[in-house]
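Undergrad: Here it is: the structure, laid out below.
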Amino acid sequence: MSSNHWGRGLAASVISFAIACIGQFPAYGQDLLNDNIPFAAYNLKLRPYVTMPNGQRNIISMTTRPDDDRLYVTTQEGKIFAVEENAQGQTQLVEWFNMRAAVQAATGRDLNYQNFAHGGLRNVSFHPEFATNGKFYTSAMENRPANTAGHNYLGNSVSNVAADSAVVEWTYNHQTGQVVTNSYRELFRVNMPVYDHPVKQMKFNKHAVPGDEDYGKLYITHGDASVQSATAGGGQNRNDALGKVLRIDPLQAGNQRYTTPGNPFNNDPSTLDEIYALGFRNPHNLAFAKDATNQSKLIVVDIGRDNMEEVNLIEAGGNYGWSNREGTFVHLPGGGYINGVAPLPANEASLGYIYPAAQFDHDAITGQGFVGVAVAGSHVIANGSDPNLQGQYIFGDFGQTGKIYTAKFDDMLDAVTKLDPLDPTRDHPSELTQAPISQLRLEFDHDNNPLTPALLHDTFTSLIGNSRTDLRFGEGDAGELYLSSKRNGTIYLATNTVPEPSALALVAFALCAGTVARKSWLKK
């Protein structure tokens, strides 16, 4: 028996003894010690897509813009790159915007790297009307202004570090093909009590069209800014942006920097208007997917503390429990692996929390610390060439293992994530459920040659040959899935998530081959 299994067996024995003494852990969902997650009967097929130039590695996010099918890549150092692909399929990353230099030129300040793991540029998101208005938005850690007067700080969080989370609007000039450097327009800043879990990803709902309530609304995730993440504060304070999902219409309206139409707390004086949902620890990735009724649903993953990783379906005004809850458990003051959580109480239904639609626990390896400690999320595969992946939500472990997981989106929608004290079938914690999850093996076409055998890997860590992944996911213009790691600066394409071209498209391509370049060539 390996040391890992020996240690796990000992931990299980300790837990069994503790349960006998203090009562039974919940029998619902996937509780602690659920590390025997089965492999799916199909694999995720990957090939190298593009590598960062000049040895750069710190990829933070990958996205697209509405008028362009290229992939845009943000780096922690403050640069945004576009992937250029020629007719032969060869790719390279070309610098599109040096955001850090633009911040310095426009404000005299710099991005902040006091905590490099969380510093610098975090994300870019393009307005749905970018083709006409040229507006896009960045989230970053900036040095605090010497004089904070005139800056829009959200809420009453206290600042104990020299950095702020900052969300900024920029304007791109389509005629010159350049970002207007002095177009820097600050939307808001957030005080950081501790330099940890700052502003994260931002995204517009790709399914919303003009006339929809959600059209043009920018969703923003912000961590709880607490290294220890104990029960004091966390995501429950309603008058700060910490541990929240925010939503704004970012376009300037008269003398208002932005507006918050339709937000759930607009008429609540005790709660920030910008808050869309609360009770998060370190929410990262956002994804939008349509259900069977064609309604768009928002998925947000939340990194846990010591025990549970969460995949959440977000509802307007929902409270997702942190720091009073960690997954489907009570989070105890001080935390700790296994003994830092307790079963949900019998009266849990009266508290109004929303619980994960899928979750997985942490594993402890003797002498090596924890693995499975931070969830990274992607999106629901909707048009891929592999029918096994259709309707699957892909996510993984950000840290040491790089395990890649999948859950059926329909199973997530069917999960019981809320309790109701007035409904006898939903009034007890034992009635909560989560979507089953499976692990995906990685079938790696390491040399981009379909004639040579692919290499099979159980984890992304194994694939990149590093002890840590810093895993990131990206969604392409056609819904394809990209994976990257800060450790090697390479972006990988999941080839069985790329839609199959239709017969008509193949004919059109054949007719136009050699005369019409791929549209991304023509766009700057």
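Each residue of the sequence shown is one higher than the last, beginning at 984 in this note's numbering. Glycine included, every Cβ here is placed at the ideal spot set by N, Cα and C.
Determine the closest residue to Gly1138 out of Ala1272, Glu1309 and Ile1258, with distance taken between C-alpha atoms.
TA: The candidate whose alpha carbon is nearest that of Gly1138 is Ile1258.
Undergrad: Along the chain, which unbroken stretches of the alpha helix (DSSP H) at least 4 residues long are found entirely within the region 1067-1103?
TA: If we require 4 residues or more, the alpha helix (DSSP H) runs fully inside the region 1067-1103 come out as 1082-1090.
Undergrad: Using only the alpha-carbon positions, how far apart do Thr1159 and Asp1403 sit?
TA: If I take the Cα positions, the gap works out to 57 Å.
Undergrad: From the DSSP output, in three-state form, read off Pro1181 for me.
TA: The answer is coil: DSSP assigns Pro1181 none of H, G, I, E or B.
Undergrad: Out of Thr1090, Gly1102, Leu1446 and Ala1390, point me to the one whose CA is closest to Pro1021's CA.
TA: With distances taken between Cα atoms, Pro1021 lies closest to Ala1390.
Undergrad: What are the partner residues of Tyr1025, as DSSP defines its beta bridges?
TA: The partner list for Tyr1025 (beta bridge, DSSP) is empty, contrary to what the question assumes.
Undergrad: My output table needs one value for Gln1219: the three-state DSSP class, helix, strand or coil.
TA: Of the three classes helix, strand and coil, the one that applies to Gln1219 here is helix, per DSSP.
Undergrad: Check whether the Cβ atoms of Met1124 and Gly1102 sit closer than 8 Å, and answer yes or no.
TA: Yes, Cβ-Cβ distance for Met1124 and Gly1102 is below 8 Å.
Undergrad: DSSP has Val1033 in a bridge; who is on the other side?
TA: Beta-bridge pairing links Val1033 to Ile1474.
Undergrad: Just list the residues that DSSP pairs Ser1108 with in beta bridges.
TA: Note: Ser1108 sits in a beta bridge opposite Tyr1120.
Undergrad: Please determine, among Asn1098, Glu1483, Ala1477 and Trp1305, the residue with the shortest C-alpha to C-alpha distance to Tyr1032.
TA: For the residues Asn1098, Glu1483, Ala1477 and Trp1305, the minimum Cα distance to Tyr1032 belongs to Ala1477.
Undergrad: Can you have a look at Thr1131 and say buried or exposed, based on whether 16 or more other CB atoms are within 10 angstroms of its CB?
TA: Label assigned to Thr1131: exposed.
Undergrad: Determine the closest residue to Ile1523 out of Thr1254, Gln1184, Leu1334 and Val1324, with distance taken between C-alpha atoms.
TA: Nothing about residue 1523 can be reported from this structure: the residues present for the chain run from 984 to 1507 only.
Undergrad: Contact defined as beta carbons within less than 8 Å: I believe Asn1187 pairs with Tyr1155. What is the distance between those atoms, to the nearest angstrom?
TA: Just to set this straight, residue 1187 is Phe in the shown sequence, not Asn. Going by Cβ atoms, the distance from Phe1187 to Tyr1155 rounds to 16 Å, so no, they are not a contact pair.
Undergrad: Secondary structure at Ile1337, three-state DSSP: helix, strand or coil?
TA: Here Ile1337 sits in strand by DSSP.
Undergrad: On the premise that Ala1340 lies in contact with Gly1300, defined as a C-beta separation below 8 Å, what is that separation, rounded to the nearest angstrom?
TA: Not confirmed; about 17 Å, so no contact.
Undergrad: Which of helix, strand or coil does DSSP assign to Pro1412?
TA: Helix, per DSSP.
Undergrad: Please state whether the Cβ-Cβ distance between Asn1106 and Ile1063 is less than 8 Å.
TA: No, the pair does not count as a contact, with Cβ atoms beyond the cut-off.
Undergrad: With a threshold of 16 other CB atoms inside 10 Å of the CB of Asp1207, please say whether the residue is buried or exposed.
TA: So Asp1207 ends up on the buried side.
Undergrad: Which residues bound the alpha helix (DSSP H) around Ser1445?
TA: Per DSSP, Ser1445 belongs to the alpha helix (DSSP H) from Phe1443 to Ile1447.
Undergrad: What's the C-alpha gap between Asn1220 and Ser1279?
TA: Distance between the alpha carbons of Asn1220 and Ser1279: 28 Å.
Undergrad: Any idea which residues DSSP pairs Glu1257 with across the strands?
TA: DSSP, once it has assigned bridges, lists no residue as partnering Glu1257.
Undergrad: If you follow the alpha helix (DSSP H) that Met1291 is part of, which residue opens it and which one closes it?
TA: Not the alpha helix (DSSP H): Met1291 falls in the beta strand (DSSP E), residues Met1291 to Ile1297.
Undergrad: Between which two residues does the alpha helix (DSSP H) carrying Met1175 extend?
TA: Neither: Met1175 is in no alpha helix (DSSP H) and is coded neither H nor E.
Undergrad: Leu1438 CB to nearest chain C CB: under 8 Å?
TA: Although the question refers to chain C, the structure presented lacks it and comprises just one protein chain.
Undergrad: Can you tell me whether Leu1396 is helix, strand or coil according to DSSP?
TA: It is helical.
Undergrad: Taking 7 Å as the limit between beta carbons, can you name the residues of its chain near Tyr1167, skipping five residues before and five after?
TA: Around Tyr1167: Ala1085, Val1086, Ala1089, Thr1090, Val1151 and Trp1153.
Undergrad: Thinking Gly1226 and Gly1237 are a contact (beta carbons under 8 Å), I'd like their distance in whole angstroms, please.
TA: Wrong, their Cβ atoms sit about 31 Å apart, outside the cutoff.
Undergrad: Taking a contact to mean a Cβ-Cβ separation below 8 Å, would you say Gly1382 touches Asn1268 in this structure?
TA: Against a cut-off of 8 Å, the Cβ pair of Asn1268 and Gly1382 comes out as no contact.
Undergrad: Output yes or no for whether 8 Å exceeds the beta carbon distance between Val1363 and Phe1392.
TA: In contact: Val1363 and Phe1392 (Cβ atoms closer than 8 Å).
Undergrad: For Ser1468, which residues does DSSP report across the bridge?
TA: Paired residues: Leu1454.
Undergrad: Go through its chain and collect everything with a Cβ distance to Leu1076's Cβ below 8 Å, but skip five positions before and after it.
TA: Same-chain partners within the cutoff: Val1033, Thr1034, Met1035, Pro1036, Val1056, Phe1064, Ala1065, Val1066 and Glu1067.
Undergrad: Mapping the DSSP letters down to three states, classify Gly1360 as helix, strand or coil.
TA: Correct three-state label for Gly1360: strand.
Undergrad: Between the Cα of Asp1232 and the Cα atoms of Arg1092, Tyr1202 and Asp1430, which residue gives the shortest distance?
TA: For Asp1232, the nearest C-alpha among the options comes from Tyr1202.
Undergrad: So, at 6 Å on beta carbons, what are the nonlocal neighbours of Asn1366 in its own chain, with the 5 sequence-adjacent residues on each side left out?
TA: Answer for Asn1366: Gly1462 and Pro1482, listed in chain order.
Undergrad: If you draw a straight line from the alpha carbon of Thr1164 to that of Arg1040, how long is it in whole angstroms?
TA: The straight-line gap from Cα to Cα measures roughly 25 Å.
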